[in-house]
Amino acid sequence: MKIADLRVLLKVAQLQSITAAAHQLDMSSSAASVSIKRIEQALGTQLFVRTTRKIRLTAEGERYLPLCEQALGLLMQGQAAINEKQECITGEVRMAVSSEMGRNLMRVLLNELMDIHSSIT
Numbered sequence: 369m370k371i372a373d374l375r376v377l378l379k380v381a382q383l384q385s386i387t388a389a390a391h392q393l394d395m396s397s398s399a400a401s402v403s404i405k406r407i408e409q410a411l412g413t414q415l416f417v418r419t420t421r422k423i424r425l426t427a428e429g430e431r432y433l434p435l436c437e438q439a440l441g442l443l444m445q446g447q448a449a450i451n452e453k454q455e456c457i458t459g460e461v462r463m464a465v466s467s468e469m470g471r472n473l474m475r476v477l478l479n480e481l482m483d484i485h486s487s488i489t
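Quick note on numbering: our numbering labels position 42 of the sequence shown as 410, and the sequence is numbered without any gaps.
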């Protein structure tokens, strides 16, 4: 089970849709489905009841969801505490630029930024 899987689980539970959750998390539906299955396999139980139109939490899923929220919150707090001490920039940068600008300017600038701050992807 991965930390990213927990984010997927929370989003699927919130939206009651793997497709909608995957869209909001900028991933494929199949990748989101794999994340859910990975958690279910690790726990040895089914967390969602799937129908053709919706997905809803099972009783086990209802019990697990608040613990998952709490665990993810603590992990994020821990990461923030470490990053605060390191005084570094982390995260993912997403940009939309014309191909000309991307090829000639942004690539160079982003490479320099990533050289200075290796935690940026």
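All C-beta atoms, glycine included, are put in the ideal place defined by N, C-alpha and C.
This one's a predicted model, so the numbers in the text were calculated from it and none came from an experiment.
Where residue i and residue j are concerned, what is the direct C-alpha to C-alpha distance, given to the nearest angstrom?
| i | j | result |
| --- | --- | --- |
| residue 371 | residue 389 | 16 Å |
| residue 398 | residue 435 | 25 Å |
| residue 382 | residue 475 | 37 Å |
| residue 462 | residue 422 | 31 Å |
| residue 433 | residue 386 | 16 Å |
| residue 447 | residue 460 | 15 Å |
| residue 409 | residue 426 | 15 Å |
Residues in its own chain within less than 8 Å of residue i by CB, not counting five upstream and five downstream?
| i | result |
| --- | --- |
| residue 424 | 384, 416, 417 |
| residue 440 | 371, 374, 375, 378 |
| residue 428 | 411, 413, 414, 415 |
| residue 466 | none |
| residue 393 | 375, 376, 379, 400 |
For the alpha helix (DSSP H) containing residue i, name the first residue and the last one.
| i | result |
| --- | --- |
| residue 473 | Looking at the DSSP string, residue 473 is not in any alpha helix (DSSP H), and its letter there is neither H nor E. |
| residue 375 | 371–383 |
| residue 386 | 386–392 |
| residue 398 | 397–411 |
Run the CB neighbour count on residue i, radius 10 Å, all protein chains shown included, and call it buried at 16 or more, exposed below.
| i | result |
| --- | --- |
| residue 403 | buried |
| residue 450 | exposed |
| residue 400 | buried |
Is it the case that the CB of residue i approaches a heavy atom of the ligand PLP more closely than 6 Å?
| i | result |
| --- | --- |
| residue 429 | Absence of the ligand PLP from the depicted structure is noted, as is the absence of any ligand whatsoever, leaving it without description. |
Taking 7 Å as the limit between beta carbons, can you name the residues of its chain near residue i, skipping five residues before and five after?
| i | result |
| --- | --- |
| residue 407 | 369, 373, 377, 415 |
Provide the residue span of the beta strand (DSSP E) that contains residue i, from first to last.
| i | result |
| --- | --- |
| residue 423 | 423–425 |
| residue 462 | Run containing residue 462: none; DSSP gives neither H nor E here. |
If you drop the 5 nearest sequence neighbours on each side, which residues of the same chain put their C-beta closer than 6 Å to that of residue i?
| i | result |
| --- | --- |
| residue 473 | none |
| residue 391 | none |
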